[in-house]
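Encoded as structure tokens, the structure appears first; notes follow it.
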Amino acid sequence: MGEVIKIGMLGITGVLFALLFKSEKQEYTHYIGFGAALLIFYYVAQSLFSMVDRFQILKEYVSGGENYLGTLLKVVGITYICEFSAGICKDAGFSSVAGQIEVLGKLSVMFAGLPILLAVIEQIQGFL
Numbered sequence: 630m631g632e633v634i635k636i637g638m639l640g641i642t643g644v645l646f647a648l649l650f651k652s653e654k655q656e657y658t659h660y661i662g663f664g665a666a667l668l669i670f671y672y673v674a675q676s677l678f679s680m681v682d683r684f685q686i687l688k689e690y691v692s693g694g695e696n697y698l699g700t701l702l703k704v705v706g707i708t709y710i711c712e713f714s715a716g717i718c719k720d721a722g723f724s725s726v727a728g729q730i731e732v733l734g735k736l737s738v739m740f741a742g743l744p745i746l747l748a749v750i751e752q753i754q755g756f757l
């Protein structure tokens, strides 16, 4: 909970700092926003690495579910990277590029989840 508050405060501070420059040097607002976004991304990446370590511990307890946990981690990573990239593009005024990144993210999540869907279908066929 404390980490979320820190990141939220970092984002709000970045936005307020950018607002100070909005009237005089508008180009600085983009740099400040981009810098704040990179700081947040760095912090989240560090948290993601610690989460990967915890997933490794969880894999030891789950027999046969290693693929599912790996897929879950992949999907979370794809979602976050695409959301971050699309947000940066939208802020820069390139909404069409952001839309294409979002479509790529959705398709990537769908393709990453196909092995799980196939495993569920195989399980259903095994019961019939």
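Positions in the sequence shown are counted from 1; adding 629 to them yields our numbering.
We treat Cβ as the ideally placed atom computed from N, Cα and C, and that holds for glycine.
Note that the structure is predicted; figures quoted are calculated from it, not measured.
Short of 8 Å from the beta carbon of residue 734, and not among the five residues preceding or following it, lie these beta carbons of its own chain, in chain order: 707, 708, 710, 711, 712, 715. If you draw a straight line from the Cα of residue 724 to the Cα of residue 755, it is about 46 Å long. Membership of residue 652 in any alpha helix (DSSP H) is not indicated, and neither H nor E is assigned to it by DSSP. For the pair residue 643 and residue 662, the CB atoms are nearer than the 9 Å cut-off. Excluding sequence positions up to five before and after residue 696, its CB lies within less than 7 Å of the CB of 744, all in the same chain and listed in chain order.
Check the Cα spacing between residue 736 and each of 704, 653, 673, 674: the tightest is with 704. Taking every protein chain shown into account, the CB of residue 748 has fewer than 16 other CB atoms within 10 angstroms, so this residue is exposed.
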